[in-house]
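Numbering (UniProt numbering), first residue to last: 1 to 450. Ideal Cβ positions, reconstructed from N, Cα and C, are used throughout, including at glycine.
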Amino acid sequence: MTEPGSALLVRALEANASHTSESVRAVTAQLIREGALAAGARLPTIRELAQHCGLSTRTVVAAWGELRKEGLIATNRRGGTVVAELDERPAGRALADRDLLTGSPDYDLQPDLAPAMLAGLHTDRLNRPGRDYITDRLRDAVVDGWPFAAEAFVAAGGGSEGLFLAVDAAAPAGSLVAVEEPVMPGFLDTLADVGYEVAGIESDEHGARADSLASALRREPAVVVLQPEGGYAAGGALSEHRAAELAEVLSSAKSIPWIVEDDAVGPLARTQAPSLGSFFPERSVRVRSYCKAYGMDIRTCVIGGSAELVERAIRARVHGIAANSRILQNALAHLIGDRDTAALIDTARGRYAARRAGLLSALREHGVTARSGVNSLVVWVEVADEQGALLRLARHGIVVGSGAKSHVTPPRPGAVRVAVPQLPDDDASIAELARLLAEAAGAAHREFLD
């Protein structure tokens with residue numbers, strides 16, 4: 001390779017310890033944005049780069065695909081790959097291709113599950129009689145990092161399944177469930193389908209508000225669902241001071257309900273939030289999800305806390321017949337303790353935070369009110385007319401979430417939910433998205449009748 005740009009890129013990649021497609025993309029993008037790789041600079045072929053840097057061609061192909069989506073590289077007529085000219089980088093090209101609705105993770109920021117699955121096979125318990133509701137390896141992997149002294153643990157499916165299972169174990173159908181708002185997409189609909197009555201608990205930058213919890217407790221809910229990490233928060237994560245206030249309110253209640261804590265962020269959280277389980281270990285469980293961090297196919301969450309509620313959750317899952325695969329449980333244990341995985345999660349956490357901050361900053365420049373928590377997987381954008389905003393964005397191929405679907409009482413003014421994980425990294429695309437959101441924030445929905 002004689003091209004200066006090729007040699008520079010190879011040296012930069014050789015100096016980088018990680019060999020994932022995301023690291024190749026990040027290193028190349030940084031060189032382009034800093035001007036070290038100038039517009040028009042010819043890049044090595046996929047085969048050349050793979051051979052010189054010890055990469056698989058699949059890794060390079062994935063990285064090049066993302067760089068093309070961002071408009072940073074292009075293939076010219078002679079078939080070579082070059083750094084794109086600035087005016088060839090269409091700002092909004094990648095927006096419609098990204099999941100800004102459900103919060104699907106950036107798959108390039110998740111670990112390769114193959115080594116974890118192989119590690120999960122290394123046990124003499126495979127295909128043996130009996131059920132391991134949680135394997136010894138998984139229990140050992142989570143117990144030291146649990147936010148309170150859990151009496152018992154059980155593994156279940158993904159985080160959403162675990163949350164519904166814990167609520168089902170705590171409260172019979174028809175009961176009142178109090179939930180900290182805003183909640184994850186689909187949760188309120190599922191509670192309604194099962195037949196629960198629901199009360200909302202307002203939150204701010206310190207977590208659930210004590211006065212709002214007190215108001216909900218006067219209605220004597222069977223279970224309170226909190227979000228200490230603030231996975232879908234418009235404010236922030238639960239603080240130590242607020243946790244103590246909530247505990248005082250609960251202690252004063254006529255009867256202390258079951259407490260279910262939803263940790264949808266899992267390892268992606270910047271710091272672990274305090275738990276009400278520290279005050280009420282016999283009445284609390286925390287549901288920790290790992291799918292956003294490690295991938296949907298790990299399909300294992302952990303429920304830990306009250307022995308009685310864990311036992312109820314086991315019985316609620318097909319009368320105790322169902323149990324998660326030992327292979328999946330031990331694969332998750334491997335990922336929790338693996339240093340390379342931890343390094344990749346650190347990268348993902350930083351990238352998600354930068355994307356969230358970038359969109360919030362761009363929206364502020366347009367005068368749009370938007371909020372998000374320190375661990376939040378979403379940005380909440382204030383709009384005059386929710387339906388009008390959703391339709392306006394849909395005309396551009398951009399699909400975001402309804403604020404009303406995440407609140408017991410629809411917020412006033414309205415809001416739309418923009419998922420963070422797949423937001424673009426380049427400033428031009430973020431600026432374009434902010435512009436479209438600003439236009440949608442003032443859009444009105446009008447229905448015409450004949």
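Note on H122: under 16 other CB atoms within 10 angstroms of its CB, so exposed under the neighbour-count rule.
Using a Cβ distance threshold of 7 Å, L344 and P185 do not count as a contacting pair.
C-alpha of A316 to C-alpha of T300: approximately 17 Å in a straight line. Exposure of S251 is indicated by the presence of fewer than 16 other C-beta atoms within 10 angstroms of its C-beta.
Remark: C-beta atoms of N330 and R137 approach each other more closely than 7 Å. Pairing L165 with A156 gives a Cβ-Cβ distance under 7 Å. Ranked by Cα distance from E386, the first of L328, E365, V400 is V400. Of the other Cβ atoms in all chains shown, fewer than 16 fall within 10 Å of the Cβ of L126; this residue is therefore exposed.
Classified as buried, L67 has 16 or more neighbouring CB atoms from the shown chains inside 10 Å of its CB.
Between V381 and V416, the CB-CB gap stays under 7 Å. Under the 10 Å beta carbon count, S429 is surrounded by 16 or more other beta carbons and is classified as buried. The beta carbons of S402 and L393 sit about 12 Å from each other, so the pair does not count as a contact at 8 Å.
When rounded, the separation of the alpha-carbon atoms in G174 and V223 is 12 Å. H334 and H319 have their alpha carbons spaced roughly 29 Å apart. Sequence-distant Cβ neighbours of S278 in its own chain, meaning closer than 6 Å and more than five residues away, are F148.
A74 is bridged by DSSP to V82. Sixteen is the threshold: since fewer than 16 other Cβ atoms of the shown chains lie within 10 Å of the Cβ of D124, the residue is exposed. Distance between M296 and D106, taken at the CA atoms: about 11 Å. Residue pairing of W380 in beta bridges, as defined by DSSP: R371, R417.
Within the model, the alpha-carbon separation for L31 versus L9 is close to 8 Å.
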